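In what follows, a single structure is set out as structure tokens and then discussed.
In our numbering, the protein residues as written are 46 to 165.
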């Protein structure tokens, strides 16, 4: 059983250690206790978990269970999708958008401390 390196999921080919194997075995035992696996399925999967070498092997053992994949711990967290600026602008009332754009600039600017004659 060699490492599985696929073009689709590079994390699946990363080697695992004892801690990852034990975590999956604990997950399998919990699934059997919940009635999701039979005793025979549990024994088979524990044997395959003990022989697993890469994350892809462990992911296959829990693929049909409602638990996170073991390789998910190596993936960066997904950022929530942000709304596009134009969508936010569409929700802004037109009256409010136009009022700020149609206002003439103040002269002299309060922070400038000068008049039009001194600027020339």
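For each residue, glycine too, the CB sits at the ideal point set by N, CA and C. All figures in this text were calculated on a predicted structure; none of them were measured in a lab.
Residue i to residue j, Cα distance in whole Å?
{"i": "residue 107", "j": "residue 73", "result": "8 Å"}
{"i": "residue 95", "j": "residue 80", "result": "22 Å"}
{"i": "residue 89", "j": "residue 110", "result": "15 Å"}
{"i": "residue 68", "j": "residue 75", "result": "11 Å"}
{"i": "residue 53", "j": "residue 122", "result": "18 Å"}
{"i": "residue 77", "j": "residue 66", "result": "17 Å"}
{"i": "residue 55", "j": "residue 86", "result": "28 Å"}
Below 7 Å, is the gap between the Cβ of residue i and the nearest heavy atom of the ligand ATP?
{"i": "residue 70", "result": "Because no ligand of any kind appears in the structure shown, any question about the ligand ATP cannot be addressed here."}
With 16 other CB atoms within 10 Å as the buried threshold, where does residue i fall?
{"i": "residue 64", "result": "exposed"}
{"i": "residue 120", "result": "exposed"}
{"i": "residue 83", "result": "exposed"}
{"i": "residue 46", "result": "Confidence at residue 46 is low in this model, with a pLDDT of 45, below 50, so its placement is unreliable and the value that follows should be read with caution. Burial call: exposed."}
{"i": "residue 102", "result": "buried"}
Taking 8 Å as the threshold (C-beta atoms), are residue j and residue i in contact?
{"i": "residue 115", "j": "residue 100", "result": "yes"}
Roughly how far, in whole angstroms, is the beta-carbon of residue i from the beta-carbon of residue j, given that I think they are within contact range, below 8 Å?
{"i": "residue 61", "j": "residue 93", "result": "Not confirmed; about 13 Å, so no contact."}
{"i": "residue 57", "j": "residue 104", "result": "6 Å"}
{"i": "residue 59", "j": "residue 91", "result": "Residue 59 to residue 91, Cβ: 22 Å. No contact."}
As an exercise, report each continuous alpha helix (DSSP H) stretch of at least 4 residues that is fully enclosed by the region 53–121, in chain order. List check, alpha helix (DSSP H) in window: 63–78, 84–96, 100–106.
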